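Numbering (the working numbering), first residue to last: 12 to 318. Virtual Cβ for every residue (Gly too), placed ideally from N, Cα, C. None of these values were measured; they are calculated from a predicted model. Below is one structure; the comments refer to it alone.
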Amino acid sequence: MKSQPDLKLLSTFMAVVNCGSMAEAAAVLGYVPSAVSQHIAVLERDMGIELLVRRPGSRLILTAAGRSLAQATETLFEATARFQDAAHGISNRDIAELRVGAYPSAMSHLFPGVLSALKSRGRGARIRLVIVETHEGLPKVKSGDLDLLIAYRYLPEDPPATSGEWTVTSVGHEPLVLVAGPRSGRRPLELAECLEMEWTSGHAHSPDRRLLHRWAGELGISLDVTLETEDLHSMLAMIRAGLAVGLIPATLISAESDRPGVERVVLPPEVAPLHREVLAVSRPGIRPPIINELVTLLVEALESVQS
Numbered sequence: 012m013k014s015q016p017d018l019k020l021l022s023t024f025m026a027v028v029n030c031g032s033m034a035e036a037a038a039v040l041g042y043v044p045s046a047v048s049q050h051i052a053v054l055e056r057d058m059g060i061e062l063l064v065r066r067p068g069s070r071l072i073l074t075a076a077g078r079s080l081a082q083a084t085e086t087l088f089e090a091t092a093r094f095q096d097a098a099h100g101i102s103n104r105d106i107a108e109l110r111v112g113a114y115p116s117a118m119s120h121l122f123p124g125v126l127s128a129l130k131s132r133g134r135g136a137r138i139r140l141v142i143v144e145t146h147e148g149l150p151k152v153k154s155g156d157l158d159l160l161i162a163y164r165y166l167p168e169d170p171p172a173t174s175g176e177w178t179v180t181s182v183g184h185e186p187l188v189l190v191a192g193p194r195s196g197r198r199p200l201e202l203a204e205c206l207e208m209e210w211t212s213g214h215a216h217s218p219d220r221r222l223l224h225r226w227a228g229e230l231g232i233s234l235d236v237t238l239e240t241e242d243l244h245s246m247l248a249m250i251r252a253g254l255a256v257g258l259i260p261a262t263l264i265s266a267e268s269d270r271p272g273v274e275r276v277v278l279p280p281e282v283a284p285l286h287r288e289v290l291a292v293s294r295p296g297i298r299p300p301i302i303n304e305l306v307t308l309l310v311e312a313l314e315s316v317q318s
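Encoded structure:
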């Protein structure tokens, strides 16, 4: 084994581990499959041990040595990301590019205004955006693939929690609105009337579904969730068609203000409104000023939705 690790080979190896195949890793890295295969062969030769079991027609399997190397490489990449953060802080905290991940509705309903505001201020950093759900984005913050993740948390015990792995800042609380399809010429629908209707929500173990079930349990009611999807726009389409009722984040409802199609369900006065917490997650240590500025603008954008 060489005295110094070859980060390029290790990066290729981790892409193969995460993708499960040489071809998929090549597509992600922008390489041809033969280059990926060659990188793995060189790495195995340097290590002096087989890292992957290759079986035609099936996904690659990590050997015990491969699993150990993958864990060690994750630790190395996390340390490298922290070093890069420190180096940025030493050099006046002036960065050329900020890599930001955000969940889909934040990307479509919060970021356009925020990025326009940053652009009007003439900020020099280039912001590279990627749509990523919270559970997928957290490891990318640790590894250094993302500098900032805009995440959500439906329940207090859900990740991310503040720890030595990342810094978590609350951006605010986004209301979750119970809505149903339009009913022309009739009074607003009340919660009690929704109990006999079909509901739409995420899959059984998704954060929004668990919040919905906890809320129903606290109210002593039973809900019939028959339309399951992780896509909020699909939920909204089902509701607009009169097929279900469901909880929708307020950003999507406010964006629909010029397009009638859903009505808010009236909740009893004693029923506390629901929300999801929006969070900014970064690695521990010095934050470039552009991150703090972006987070401040997101706080203002979320407050405008609440008002």
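Nearest residue (CA-CA) to residue i, options the options
{"i": "residue 214", "options": "54, 53, 200, 236", "result": "236"}
{"i": "residue 265", "options": "212, 95, 116", "result": "116"}
{"i": "residue 182", "options": "38, 121, 276", "result": "121"}
{"i": "residue 11", "options": "288, 83, 272, 38", "result": "Lying before the first or after the last residue shown, residue 11 is absent from the chain, which here runs from 12 to 318."}
{"i": "residue 99", "options": "298, 132, 305", "result": "298"}
{"i": "residue 93", "options": "306, 313, 294, 312", "result": "294"}
{"i": "residue 97", "options": "131, 155, 29", "result": "155"}
{"i": "residue 204", "options": "56, 316, 177, 234", "result": "234"}
{"i": "residue 130", "options": "311, 305, 315, 195", "result": "305"}
{"i": "residue 83", "options": "175, 28, 227", "result": "28"}
{"i": "residue 15", "options": "30, 58, 35", "result": "58"}
{"i": "residue 311", "options": "128, 30, 33", "result": "128"}
{"i": "residue 228", "options": "253, 206, 317", "result": "206"}
{"i": "residue 60", "options": "79, 124, 192", "result": "79"}
{"i": "residue 158", "options": "186, 172, 110", "result": "110"}
For residue i, the first and last residue of its enclosing alpha helix (DSSP H)
{"i": "residue 36", "result": "33-40"}
{"i": "residue 112", "result": "Here residue 112 belongs to no alpha helix (DSSP H); instead the beta strand (DSSP E) covers 108-113."}
{"i": "residue 305", "result": "300-317"}
{"i": "residue 219", "result": "218-230"}
{"i": "residue 49", "result": "44-58"}
{"i": "residue 214", "result": "No alpha helix (DSSP H) holds residue 214; DSSP gives it neither H nor E."}
{"i": "residue 150", "result": "145-154"}
{"i": "residue 23", "result": "18-30"}
{"i": "residue 195", "result": "No alpha helix (DSSP H) contains residue 195, which DSSP labels as neither H nor E."}
Continuous beta strand (DSSP E) stretch holding residue i: start and end
{"i": "residue 260", "result": "257-260"}
{"i": "residue 235", "result": "235-239"}
{"i": "residue 162", "result": "159-164"}
{"i": "residue 65", "result": "That residue, residue 65, is in no beta strand (DSSP E); it is neither H nor E in DSSP."}
{"i": "residue 141", "result": "137-142"}
Residues bridged to residue i (per DSSP)
{"i": "residue 10", "result": "Missing from the structure shown is residue 10; the chain here goes from 12 to 318 and no further."}
{"i": "residue 209", "result": "235"}
{"i": "residue 275", "result": "190"}
{"i": "residue 291", "result": "161, 180"}
{"i": "residue 85", "result": "Residue 85 is not bridged to any residue."}
{"i": "residue 73", "result": "63"}
{"i": "residue 201", "result": "277"}
{"i": "residue 174", "result": "177"}
Interface flag, residue i vs chain B, CB-CB below 9 angstroms
{"i": "residue 293", "result": "Absent here is chain B; the protein component of the structure consists of one chain."}
- Message: Does the contact criterion of 3 or more C-beta pairs under 8 angstroms hold for the region 45-62 versus the region 14-32?
- Response: Touching, yes, given that three or more Cβ pairs across the two stretches are closer than 8 angstroms.
- Item | Stretch pair the region 153-166 + the region 207-221: three plus CB contacts closer than 8 angstroms | For the pair of segments examined, the region 153-166 was found to touch the region 207-221: the number of CB pairs separated by less than 8 angstroms reaches three.
- Task: Please confirm if the region 33-40 is in contact with the region 77-90, defined as three or more CB-CB distances below 8 angstroms between the two stretches.
- Result: no
- Is it a yes or a no for the region 270-279 touching the region 66-86, going by three-plus beta-carbon pairs under 8 angstroms? Short answer: they don't touch.
- Query: Does the region 276-283 come within contact of the region 129-147, defined as at least 3 CB pairs closer than 8 angstroms?
  - Reply: no
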